[in-house]
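Worksheet: one structure, shown below.
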Amino acid sequence: MTITTAERTRAVAPVTAAKQRRKGGWIPTLGLLAGAVYTLFPVLWVLIASTKSIDQLFSTFTLLPGSGLFTNLHQLSAYRGGEFWQWMLNSALYAGVGGALSALLSGVTGYALAKYRFAGRAAIFNILLAGVLMPPVVLAVPQYLLFAKAGLADSYWSVLLPSVISPYGIYLARIYAAGAIPDDVLEAGRMDGTSEWRLFRSVALPMMAPGLITVFLFQFVAIWNNFLLPFVMLGDDHKFPVTVGLYTLLLQGANAPALYTLVITGALLSVLPLIALFLSLQRFWRLDLLSGAVKS
Amino acid sequence: MFSDAPRGLRLALGLTSAAVAAMLVAGCGSSGSASSAASSSGPVHLTYWAWAPGLDQVVSLWNKSHPNIQVTVEKQAQGDDLLTKVITASKAGSAPDLVQAEYQALPTLVSNNVLADISAQDGSAASTFASGIWKQVTLGTNAVYAIPQDSGPLMFYYRTDLFKKYGLTVPTTWDQFKADAEKLRAEDSSKYLTTFSANDAGLFAGLAQQAGAQWWTTSGSSWKVSLDDAATQKVASFWGGLVKEGAIDNQPMYTPAWSKALDDGTQIAWVSAVWAPGVLSSSAPSGKGKWAMAPLPQWTAGQNVTGSWGGSSTAVSADSKNKAAAAQFALWLNTDPQAVAALVKDSYVYPAATDAQTGGALATAPDYLSNQPDFYTQAAKIAATTAPAAWGPNVNTAYSAFKDAFGKAAQNRTDFLTALNTVQQTTLADMKTQGFTVSG
Numbered sequence: 369m370t371i372t373t374a375e376r377t378r379a380v381a382p383v384t385a386a387k388q389r390r391k392g393g394w395i396p397t398l399g400l401l402a403g404a405v406y407t408l409f410p411v412l413w414v415l416i417a418s419t420k421s422i423d424q425l426f427s428t429f430t431l432l433p434g435s436g437l438f439t440n441l442h443q444l445s446a447y448r449g450g451e452f453w454q455w456m457l458n459s460a461l462y463a464g465v466g467g468a469l470s471a472l473l474s475g476v477t478g479y480a481l482a483k484y485r486f487a488g489r490a491a492i493f494n495i496l497l498a499g500v501l502m503p504p505v506v507l508a509v510p511q512y513l514l515f516a517k518a519g520l521a522d523s524y525w526s527v528l529l530p531s532v533i534s535p536y537g538i539y540l541a542r543i544y545a546a547g548a549i550p551d552d553v554l555e556a557g558r559m560d561g562t563s564e565w566r567l568f569r570s571v572a573l574p575m576m577a578p579g580l581i582t583v584f585l586f587q588f589v590a591i592w593n594n595f596l597l598p599f600v601m602l603g604d605d606h607k608f609p610v611t612v613g614l615y616t617l618l619l620q621g622a623n624a625p626a627l628y629t630l631v632i633t634g635a636l637l638s639v640l641p642l643i644a645l646f647l648s649l650q651r652f653w654r655l656d657l658l659s660g661a662v663k664s
Numbered sequence: 006m007f008s009d010a011p012r013g014l015r016l017a018l019g020l021t022s023a024a025v026a027a028m029l030v031a032g033c034g035s036s037g038s039a040s041s042a043a044s045s046s047g048p049v050h051l052t053y054w055a056w057a058p059g060l061d062q063v064v065s066l067w068n069k070s071h072p073n074i075q076v077t078v079e080k081q082a083q084g085d086d087l088l089t090k091v092i093t094a095s096k097a098g099s100a101p102d103l104v105q106a107e108y109q110a111l112p113t114l115v116s117n118n119v120l121a122d123i124s125a126q127d128g129s130a131a132s133t134f135a136s137g138i139w140k141q142v143t144l145g146t147n148a149v150y151a152i153p154q155d156s157g158p159l160m161f162y163y164r165t166d167l168f169k170k171y172g173l174t175v176p177t178t179w180d181q182f183k184a185d186a187e188k189l190r191a192e193d194s195s196k197y198l199t200t201f202s203a204n205d206a207g208l209f210a211g212l213a214q215q216a217g218a219q220w221w222t223t224s225g226s227s228w229k230v231s232l233d234d235a236a237t238q239k240v241a242s243f244w245g246g247l248v249k250e251g252a253i254d255n256q257p258m259y260t261p262a263w264s265k266a267l268d269d270g271t272q273i274a275w276v277s278a279v280w281a282p283g284v285l286s287s288s289a290p291s292g293k294g295k296w297a298m299a300p301l302p303q304w305t306a307g308q309n310v311t312g313s314w315g316g317s318s319t320a321v322s323a324d325s326k327n328k329a330a331a332a333q334f335a336l337w338l339n340t341d342p343q344a345v346a347a348l349v350k351d352s353y354v355y356p357a358a359t360d361a362q363t364g365g366a367l368a369t370a371p372d373y374l375s376n377q378p379d380f381y382t383q384a385a386k387i388a389a390t391t392a393p394a395a396w397g398p399n400v401n402t403a404y405s406a407f408k409d410a411f412g413k414a415a416q417n418r419t420d421f422l423t424a425l426n427t428v429q430q431t432t433l434a435d436m437k438t439q440g441f442t443v444s445g
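Residue numbers (our numbering), protein chains in the order written: chain Y, 369 to 664; chain X, 6 to 445.
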C-alpha cells in the first residue's frame, strides 16, 4: 500500500513538475523577451534613423529605412575636416589605455588585498568599498580643480588618470583573487624559491585573467560612455571623446540647425567598437567557465 | 595551472599591445597641439570657447592677417552647462582667453568675476551697435564686458499656403493670433497654430520683454527681482489660456516630434527669431518656399515693439594674460566688414552691428525663404524696434525654474500664473542665498 502510494507519487511528481515548469516557464521567457525588445529597440531605431537623410528623418515612417546612409557617413567624415574620427581615436585612447591600466592596477591591488596580511588592510578595503558607493559624477568637479592646480587640466592625462583608479574594479579583483588563487599554489611557489613578483606575474596573473578581462570590459565601457568627466576637464575640442564631441554638434546655438542626422550616424558608429569588443572578448568568459569546471 | 600560462601571456600581450597602439594614437593626437604650443613663445596665442558653427573659417581670416595674434577656436556645446564650465574654469584660473556668451549670461559671468572690463580698448565701439544691445554688454555701467555678436529679434513665421487654405489672416495683434488659433482648431482638429514650449525660457523672456517686462533692475547696490510683474503676468495668462482651452499644442519645441509637426504642417506657425530659417531648413525641409515672416503680433494695435530670443557676444576673460590682444580680436570679429560678412555666411549669424544688418552679406534673403526677397530689409526694421532687456545675475536659475514650473503647467494645462509665481519665488530666494542685496 505504502509502496504503491510512494510509487504513484514518484510517478506523478515528475509529470506535474514538468507541467508546472512548462506552465510557469512562459512568464520569465516573456519577461526576458520584453526586456530584450526594450533594450534593443533604441539600437534598432538608431540603426534605421542613421540611414535617413534630413528630409526623410522626420517625415517618413519610423521603421522604414531611408536612402541617406552614405551621404550621412560622408558628411560626418567631412565635418570640420574629419573631427569625428579624431574623437573616435580619442575615445579609443581614453577607454583602451584607461581600461588596460585600470585592469592591471586593479589586479595588483586586488591580489595584494586578497593574499597578503598587512597592517591597515581592512581600512584600505573599507575605504575602497566606500569608493564603490561614491558616484564618479560627484568627483568630476573637485578632480577638475585639482588637475587645474597641477597644470594638467585640458590634457589627455586629465581624463586618463581619474579613469585608471576604479574602486569597483579593485573590489572585483580582490574577490576574484580570493576565490581563484588557492593559497597552496602560492605556498608551493614560495617553497620553490620564486620571487613574489614572479609569483604574481607567472602564477597569479594568469589565474586572474578572466576576472581582469571583466574589469577591463567594465572600465572600457564606463570610460567610453563617460560624458561629464571629459566635458568638465577638456576645453580643446581636438581632445574630446566622441560623447562630448557629438554633443557640440547638437547644441550649436539657436541660429544654427542641429545636425541630427550626423549625430545619429555618429552615435551608431560609436557603439560599433563596443559591440566588437564584447564579441571578441566573449571567449575569455567562456574559458572562465571551463577552467572553473576543471578546477573543481 | 602552468598550462594556463600561455593563455594568460597571450592575454597580457594583447592588452599591452592595445595599450601601446593607443599610446601611439595619443602621440599622433598630441603632437599637433604640442607643436602649436611650442610656437606660442613667438606670437600671442589665444584660445576661444565658442559654439557657433563655422567660426574656424572666420578666425582663420584673422590668423592670416594677424601673424602676431593667433586665435584657436575650441568648439563647445552651447547652453547653461557651458556657463557652468566657464565659471568652474575661471575659479581654477584656467578659463580661455575669449568666450562666446549669451547676453542673459553676462551678469552671471560678471558677478562671478569671470570677465575682464575691456572699455579701455573697445569702449569706442558703442556707436556701432543699437543702444539697447550695447546696454546689455555694459550692464548699464561704464565698463564694457563683451562685444555684441548677434541678435535675435522676435518675428512671426507662418505657412502661407495653409493660412490661405484655412482662411486665416496674418495676425498683427495677439487678439488676432488667438482668434486664428481658435479658428484653425474649428476648421481642422488635427492642426495647431503653434505650441507653447517650456523647454526654452528664452522665447518666453523675449515675449515678456515685448510686453514691457523688466525682470531684474538695480537701484544703487540692491537688486529688484520682478519676474512676475504686470507685463509678464499678461503674457503668462495669455499663453496659459491658449494652452488650457486647447487652442494651441502644449508639446515642447526642438524635439523630433516637433520637427515632424512643422514639416508635415501639423503646426502651421512659429513665433521665433530672425534666425528661424536656419532651424526650419533642417527641421522642416519640405516647407521650403512655403513659409513667410511677418512682424510679431502686438498687444495694442498700431504698436511696433518686439523682444529678442538668443543673441550672443564675445567676451574677454579675466584670466587672460593677453587681454589687449583678445579685446582687439573681439572687436575685429564683430565689427570688421570682412569678418561680419564671414560670420553671416559661415556661422549663420544675424549680426548685432547695425551697419551689417542691411546690404553686404544680407542683401539676399535666406535660401529657405527665397519667396520673401526683402526678408533682411524687413528684419532690420523689426530689429530696430527691439525692447530693452533687463538681465540679472541668476538668469540660469530663473530659466531652469521656468522649465520645471511651466513644463508641468503646460503638460497638465493648469494655471500659468501659479507657475510664474513659483519662478519668481525660486529666483528671489536664489538671489538671497547667493548673497545679493535684494529689495522688494
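Glycine included, each C-beta is placed from N, C-alpha and C at the ideal position.
Note that the structure is a prediction, hence the values are computed from the model and not measured.
Judged by DSSP secondary structure, Met601/Y falls outside any beta strand (DSSP E) and instead within the alpha helix (DSSP H) spanning 596-601. Between the alpha carbons of Gln443/Y and Gly434/Y lies a distance of about 16 Å. Within the region 158-244 of chain X, the complete beta strand (DSSP E) segments of 3 residues or longer fall at 159-164, 221-224, 227-230, listed in chain order. Sixteen is the threshold: since fewer than 16 other Cβ atoms of the shown chains lie within 10 Å of the Cβ of Asn73/X, the residue is exposed. Bounds of the alpha helix (DSSP H) holding Lys140/X are 136-143.
Under the Cβ distance rule, Gln587/Y does not count among the residues neighbouring chain X, no pair being separated by less than 8 Å.
DSSP places Trp455/Y in the uninterrupted alpha helix (DSSP H) bounded by 451-483. Taking 8 Å as the cut-off between beta carbons, the residues of the region 439-462 of chain Y near chain X are Arg448, Gln454, Leu457, Asn458, Ala460, Leu461, in sequence order.
Residues of chain X with a Cβ closer than 7 Å to the Cβ of Asp605/Y are, in chain order, Glu79, Lys80.
Closer than 8 Å to the CB of Phe426/Y there is at least one CB belonging to chain X. Close to chain X, meaning a Cβ-Cβ distance shorter than 8 Å, are the following residues of the region 596-621 of chain Y: Phe599, Val600, Gly603, Asp604, Asp605, His606, Lys607, Val612, Tyr615, Thr616, Leu618, Leu619, Gln620, Gly621. Membership of Ile74/X in the beta strand (DSSP E) is indicated by the continuous run 74-80.
Apart from the 5 residues on each side of it in sequence, Ile533/Y sits with its Cβ closer than 8 Å to the Cβ of Ser470, Leu473 in its chain, given in chain order.
When rounded, the separation of the alpha-carbon atoms in Ala216/X and Thr177/X is 14 Å.
Using a 10 angstroms sphere on the CB of Asp122/X, the tally of other CB atoms reaches 16 or more, which defines it as buried. Against chain X, the beta carbon of Val509/Y has neighbours under 8 Å at Thr93, listed in chain order. Here Pro302/X has Phe161, Pro176, Thr177, Thr178, Trp179, Gln181, Phe182 as same chain residues with Cβ atoms under 7 Å from its own Cβ, once five neighbours each way along the sequence are excluded. For Gln303/X, the secondary structure class from DSSP, reduced to helix, strand or coil, is strand. For Leu554/Y, the closest Cβ of chain X is not nearer than 8 Å. Contact annotation: Met576/Y and Ala546/Y have beta-carbon atoms that are not nearer than 8 Å. The CB of Tyr512/Y comes closer than 7 Å to the CB of Thr93, Ala97 in chain X, given here in chain order. Out of Lys90/X, Gly251/X, Pro153/X, the CA that lies nearest to the CA of Thr199/X is found in Gly251/X. Partner residues in a beta bridge of Tyr447/Y, as assigned by DSSP, do not exist. At a cut-off of 8 Å between C-beta atoms, Asp423/Y counts as an interface residue with respect to chain X. DSSP lists Gln75/X as the beta-bridge partner residues of His50/X.
Residues of chain Y with a Cβ closer than 8 Å to the Cβ of Pro378/X do not exist, since the nearest Cβ in that chain sits about 21 Å away. Under the Cβ distance rule, Ala57/X counts among the residues neighbouring chain Y, one pair being separated by less than 8 Å. With its beta carbon at least 8 Å from every one in chain X, Ala487/Y lies outside the interface. Below 8 Å, enough C-beta pairs join the region 342-359 of chain X and the region 51-60 of chain X to call them touching: three or more. In this model, Ala434/X and Leu51/X are separated by some 38 Å (Cα to Cα). Between Ala521/Y and chain X, the shortest Cβ-Cβ separation is below 8 Å.
Taking C-beta separations shorter than 7 Å and ignoring five residues to either side along the sequence, the partners of Thr432/X in its chain run Val230, Leu232, Asn399, Thr402, Ala403, Ala406, following chain order. The DSSP assignment places no complete beta strand (DSSP E) segment of no fewer than 3 residues inside the region 489-518 of chain Y. Contact between Ser313/X and Gly211/X holds: CB atoms are separated by about 5 Å, below the 8 Å threshold.
Looking at the DSSP output, Ala121/X shares a beta bridge with no other residue.
Per DSSP, Ser156/X is not a residue of any alpha helix (DSSP H), being assigned neither H nor E.
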